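Working notes, beginning with the structure itself.
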Amino acid sequence: MAIPETLKKKAEEILFRYPEDRRRSGLIPLLFEVQRELGWITPEAESWVVETLGVTDVNVREVITFYSMMRAEPSGKYLIQFCQNISCCLTGGEEIQKHVEHKLGIHPGETTKDGLFTLKCVECLGGCSWGPMMLINEDQYFQLTVEKLDRIIHGLKAGEPVPADNPTPLLGNVAGEKV
Amino acid sequence: MAANGNLLISRNFAVENMASIDVALKNGAYDQLKRAVKMKPEEVTELVKASGLRGHGGAGFSAGTKWGFIPKDKFPRYVTVNGDESEPGTCKDRLILERDPHLLIEGALICAYAVQAERVYIYIRGEYFYPTKVTAEAVKQAYAKGFAGKNILNSGWSCSVHMHNGAGAYICGEETGLIESMEGKKGWPRLKPPFYPAAIGLYGAPTIVNNVETLAFVPRVMEIGPEKFAALGTPKNGGTALYSLSGHVNNPGVYELPMGTPLMDLIHKFGGGIRNGHKLKAVIPGGSSSHILTAEECENLPLDFESVASRGSMLGSAAVMVIDETVSIPKLMHWMVRFYAHESCGQCTPCREGCDWLLRLSKKFIDGTARKRDIDDMWELADNIDGKTICALGAAVAWPTKSYLVKFRHEFEAVCRN
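For the record, the sequence lines run as chains A and B. Residue 180 is where the first sequence ends in the numbering used here, and the numbering goes up by one at each step. Residue 407 is where the second sequence ends in the numbering used here, and the numbering goes up by one at each step.
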């Protein structure tokens, strides 16, 4: 598969952000765009990134293997990243995680046979006051319950996605309550 | 909804479309940048220093003092906004990025002017897709109105503002790990000295790394003046803070309250008390890296850096996690240790090996296979990580581990086989 033109244009935009002799700084943002465009970092795209930035194979490899969001293999159409950290566990995240596993018939790290869903359990996603939370691709979902999760999964299967919680709802006195 | 006059940094969070620059300008955005560029750069630094504004990322270092560390004749200089927000329990920067990104951009630019930087990088963790989208759009709008770019507000000073995302690594919240990551490397923290990136930072140049909340406070400090700002908090702790409240309270959320607000007020008066009428067991006061506090230790505790430290813990990022009587501390230990085992960057042997070992031991207390000697082994492991690593992540796992074991030893003993 050839590298799409849109990706090449994106590379130019990214490299504009850094001093001319610091092209390597564009590495993580560029790999991100590769994933966004191709779904994962294909070996061909990896070589293209090496060439585009003028770095070594090892420079790219070490970044792909270090950062947990880098995907060196394909995943399902919907990547579910479920938070398993303290605040989400305190608010029932473990039960909901078990429910997702049961519902989709997969364990964390696996993809459903129809290629629709990949489940990953991840560390803190920064939604602690709205736990339990998860990301599906680039969308955030907060205050999960078994019912809410069922609706979200059903919506994706039916092609009628439940709107994501963008922006994050205001909870606490920052919502405007007088103190 | 209208702006809320009782709040400082969050007063416009509920204003509709505040991320759009036209709405932001109607609410006073960039007024303080206009003032700042008419002052001498060092006057701006002095003003921030006098306000007592401290870093809200975790270490609580005086912001103005940090800016003052920039060497006199070294150029270029950079400002990097730390939006990695990855200390478990912390979820306040996301609201600034989503709800009032212009406040952050203005604060970062005022900082850049004070230290005469030519570039600002806004580093946001990779998982924050939506906050990144909103902030990136706000940056574009700021350029279009001439607040960023060449000859800003005819001051003769030019500064560009750029976005940069992380890709899922807690360690990149550590400022030198963040800089390595920005240079396109894995986020291995740098050896100290030099202690401050202000001397040698991004690309070896003087760099200020400040948390999102810290920089977003800067326009407000200028607006109300350093004296008034300082007076809001407790001695040495200026202003207000965004407290991230999570766990077993009736009303979790983000609360903007004066520095030094009593912990029990946050939990009961603001957080609505403990869920389901349960009793409070413990509180993690400053993100998962802080020492746990027993319910008794939570009494009469003002939430400022010195007071929480004097009780043997730390305010950190002001992320308060509330734990009720239904939670087993060995289980909590497992959740906590699992995080550090996943996030250890692997650079220093004590942390890389120690975290993994702690995880295996902590699992035994859940499986019911632990023996009493495992309690002491865990303590010793933690002690062998503490203070023996390049960055603070070593202490970040060692401190809570030790505190859980010491303060709740009976709970660990109760699940041991012998």
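Glycine residues also receive a C-beta, built at the ideal position from the N, C-alpha and C atoms. Here the structure is a predicted model, which is why all the values come from computation and not from measurement.
Exercise. If you check the beta carbons only, do residue 360 of chain B and residue 406 of chain B fall under 8 Å apart?
Worked result: yes
Exercise. From which residue to which residue does the alpha helix (DSSP H) around residue 152 of chain B run?
Worked result: Unbroken run through residue 152 of chain B is the beta strand (DSSP E), 149 to 154; no alpha helix (DSSP H).
Problem set entry | Whether residue 110 of chain B touches residue 45 of chain B by CB criterion (8 Å) | No; because the gap between Cβ atoms is not below 8 Å, this pair is not in contact.
For this session: Count the other CB atoms, across all protein chains shown, that sit within 10 Å of the CB of residue 265 of chain B; report buried if there are 16 or more and exposed otherwise.
Result: exposed
Problem set entry | Contacts around residue 249 of chain B, its chain only, beta-carbon distance under 8 Å, and the 5 residues preceding and following it disregarded | 222, 223, 226, 291, 292, 293, 296
Problem set entry | Closer than 8 Å to chain B by CB, residue 98 of chain A | no
For this session: Could you check if residue 59 of chain A is buried or exposed, using at least 16 other CB atoms within 10 Å of its CB as the buried criterion?
Result: exposed
Problem set entry | Residues near residue 162 of chain B by beta carbon distance below 6 Å, same chain, minus five either side | Within the same chain, Cβ atoms closer than 6 Å to the Cβ of residue 162 of chain B are found at 73, 75, the five residues on either side in sequence being excluded.
For this session: Give the DSSP bridge partners of residue 60 of chain A, in chain order.
Result: In DSSP, residue 60 of chain A forms no bridge with anything.
Exercise. Tell me which same chain residues have a C-beta within less than 7 Å of the C-beta of residue 123 of chain B, skipping the five on either side of it?
Worked result: 8, 86, 87, 90
For this session: Determine the closest residue to residue 302 of chain B out of B:390, B:158, B:28, with distance taken between C-alpha atoms.
Result: B:390
For this session: Could you spell out the range, first to last residue, of the beta strand (DSSP E) harbouring residue 229 of chain B?
Result: 229 to 236
Exercise. Which residues in the same chain have their Cβ closer than 7 Å to the Cβ of residue 175 of chain A, if we skip the five residues on either side of it in sequence?
Worked result: none
Exercise. In whole angstroms, what separates the C-alpha of residue 169 of chain B from that of residue 258 of chain B?
Worked result: 43 Å
For this session: Please report the Cβ distance between residue 112 of chain B and residue 167 of chain B, rounded to the nearest whole angstrom; I am assuming they are in contact, meaning their Cβ atoms lie under 8 Å.
Result: 6 Å
For this session: Would you kindly check if the distance between the Cβ of residue 119 of chain B and the Cβ of residue 141 of chain A is under 8 Å?
Result: yes
Exercise. Using a C-beta to C-beta distance shorter than 8 Å, which residues of chain A count as neighbours of residue 154 of chain B?
Worked result: 29, 30, 33
Exercise. Sorted by chain position, which residues of the same chain lie with C-beta nearer than 7 Å to residue 166 of chain A's C-beta, five sequence neighbours on each side aside?
Worked result: 141, 142, 143
Problem set entry | Classification of residue 17 of chain A by the beta-carbon crowding that lies within 10 angstroms, buried from 16 upward | exposed
Exercise. Just to confirm, are residue 102 of chain B and residue 201 of chain B a CB contact at a threshold of 8 Å?
Worked result: no
For this session: Please say whether residue 8 of chain A and residue 79 of chain A have beta carbons closer to each other than 8 Å?
Result: no
Exercise. Can the beta-carbon of residue 158 of chain B be found less than 8 Å from the beta-carbon of residue 69 of chain A?
Worked result: Pairing residue 158 of chain B with residue 69 of chain A gives a Cβ-Cβ distance under 8 Å.
For this session: Please state whether DSSP places residue 188 of chain B in a helix, a strand or coil.
Result: coil
Exercise. Looking at residue 379 of chain B and residue 178 of chain B, is the spacing between their C-beta atoms short of 8 Å?
Worked result: yes
Problem set entry | residue 332 of chain B versus residue 305 of chain B - alpha carbon distance | About 18 Å.
Exercise. Can you tell me whether DSSP reads residue 81 of chain B as helix, strand or coil?
Worked result: coil
Exercise. Which whole runs of the beta strand (DSSP E) in the stretch 302 to 385 of chain B are 3 residues long or more, in chain order?
Worked result: 308 to 313
Exercise. Any Cβ of chain B within less than 8 Å of the Cβ of residue 25 of chain A?
Worked result: yes
Exercise. Residue 57 of chain A and residue 51 of chain A: beta carbons closer than 8 Å?
Worked result: yes
Exercise. For residue 176 of chain A and chain B, any beta-carbon pair shorter than 8 Å?
Worked result: yes
Exercise. If you check the beta carbons only, do residue 109 of chain A and residue 120 of chain A fall under 8 Å apart?
Worked result: By the CB criterion at 8 Å, residue 109 of chain A and residue 120 of chain A fall inside the cutoff.
Exercise. Would residue 18 of chain B pass as a contact of residue 126 of chain B if the rule is Cβ separation under 8 Å?
Worked result: no
Exercise. In the structure shown, what three-state DSSP assignment does residue 281 of chain B receive?
Worked result: Under the three-state reduction of DSSP output, residue 281 of chain B falls in the coil class, being neither helix nor strand.
For this session: Give the DSSP bridge partners of residue 31 of chain B, in chain order.
Result: For residue 31 of chain B, which the question treats as bridged, DSSP gives no partner whatsoever.
Problem set entry | Touch test, the stretch 230 to 239 of chain B against the stretch 309 to 319 of chain B, Cβ-Cβ under 8 Å, three pairs minimum | yes
Exercise. Do residue 361 of chain B and the ligand MG come close, with the Cβ less than 7 Å from some heavy atom?
Worked result: Only the bare structure without any ligand can be found here, which leaves the ligand MG out of the picture.
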